[in-house]
Structures are given as C-alpha cells and as structure tokens.
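A.B. asks:
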Amino acid sequence: MTEAHTARSPELPVESGLSHDGREALCQKLADNLAGTYVLYHKTQTYHWNVTGPLFYSVHKLTDKQYKDLAKAIDAIAERIRALGFPAPAGLKNIYQSSAIDDPTGVPEAGAMLRELALDHQHLAGKMRDTVEKAEEIGDTFTADFVTERIGTHEEFAWMLNALAVGDDRGSAPGQASA
C-alpha cells in the first residue's frame, strides 16, 4: 500500500473553549453515531431495492426518503467530528464493528423490514441521547442541538415505519401479538 492509502487524517487544532479531552470523548460518541447511521443507511437502501409484495410502493417510497436523509446525516456527522478537530472514522470494517445497528444478512418480507428498520431508528435515537448528554457536559451546545435534531428525525422515521407495519397483515407490529 502506498503512503497515500495509509495516511491518517491529522488531528486539527481547535481553540473553541472546549477541552481537548472533552472533544475527544464527544467525537468517539459521534463516531459511534456515524457508524450506526452508516449501517442503517445501507440497510434502508438494501430494503428499498429489494422490497416486494402489496406494500412495495409504500415501502419503496418511504425508504427512498429515509436513506437519502441518512446519507446527508452521515456527511454532517463526519463533518462535525472534523470541525471538533478529530479524524472521521475510516474503513467499513471499523464502521461495522462500531455500529449499534446490525448489518442486514438477508431480505425479509416487507412487514419485517418495516419493524426492523423502526427498531433500528429507535435504538439509534437512544444511543444519540448519550451523545447529547456528553455534548452538554462539555458545553458544546451546537453538537447537542445538532444531535437532538437527529434524534427527532429517527423517532419520526420509526413512527412512520411502525404505522405502515401495522397495516401489514402478515406480521405484527412491535409490542403486538400476531393474529
């Protein structure tokens, strides 16, 4: 491998009033959020491509909107890490290992896709709450607000996915028994 392929993005000097150690701890949480968002992006797009059956159109349209939003979020989270002075995560192996979201291993039926994606959004929103707490702890109001907005987006996406899953008569929504 050439040096260009193995070079690591340097830590950047930041004199914003936030401590180095605080920024570093926050960036680790952001990197974990980025990893989860990246895997959820991939899973959402995979399900978007492969959905079939009576829910095809609804799921295809909804996941299209969601994976495009997730792609923008990935970039925004990585850029926030860089703005705080640290390198953004690199390497798919590292990203998958750091993700709280499981990589898809197959293509379930539409209702199962919806329920799985909804749970993933809820789980990621929960992880992001830890990031907001860390940002507030070190006095980084911008990152706290930014991540809080992402939490709202994930919760809204989970609601939409769950609402559509309830209409799928081949499975039950989270917390409901099958008929």
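According to full-length UniProt numbering, the residues represented by the sequence shown are 1 to 179, in order. Just so it is clear, CB atoms sit at the ideal spot from N, CA and C, and this is done for glycine as well. Treat the numbers as computed from the prediction; the structure is a model and nothing was measured.
Please state whether DSSP places Ile95 in a helix, a strand or coil.
C.D. replies: Looking at Ile95 - three-state DSSP - the assignment turns out to be helix.
A.B. asks: Which same chain residues end up closer than 8 Å to Asp103 when comparing Cβ atoms and leaving out the 5 residues on each side of it in sequence?
C.D. replies: Here the set comprises Val39, His42, Lys43 and Tyr96.
A.B. asks: Reducing DSSP to helix, strand and coil, say where Ala100 ends up.
C.D. replies: Residue state, collapsed to three classes: coil.
A.B. asks: Counting only the same chain and skipping the five closest in sequence on each side, list residues whose C-beta sits under 7 Å from that of His48.
C.D. replies: Excluding residues within five positions, the ones whose Cβ falls inside 7 Å are His60, Thr63, Asp64 and Tyr67.
A.B. asks: Please list, in chain order, all residues of the same chain as Lys29 whose beta carbon is under 7 Å from its beta carbon, the five residues on each side excluded.
C.D. replies: These residues qualify, in order along the chain: Asp130, Thr131 and Lys134.
A.B. asks: Between the Cα of Ser99 and those of Gly152, Lys127 and Gly22, spot the shortest distance and give me the residue it belongs to.
C.D. replies: With distances taken between Cα atoms, Ser99 lies closest to Lys127.
A.B. asks: Less than 8 Å between the C-beta atoms of Leu114 and Ala165, yes or no?
C.D. replies: Yes, they are a contact pair.
A.B. asks: Report back the beta-carbon spacing between Phe157 and His123 to the nearest angstrom; my notes put them in contact at under 8 Å.
C.D. replies: Their Cβ separation, rounded to whole angstroms, is 12 Å, which puts Phe157 and His123 out of contact at 8 Å.
A.B. asks: Just list the alpha helix (DSSP H) runs in the UniProt domain "Ferritin/DPS" (28 to 164), keeping only unbroken ones of 4 residues or longer that don't cross its boundaries, in chain order.
C.D. replies: Within the UniProt domain "Ferritin/DPS" (28 to 164), the complete alpha helix (DSSP H) runs of at least 4 residues are 56 to 83, 92 to 98 and 110 to 138.
A.B. asks: Please report the straight-line C-alpha distance between Glu11 and Phe146, rounded to a whole angstrom.
C.D. replies: Their Cα atoms are separated by approximately 22 Å.
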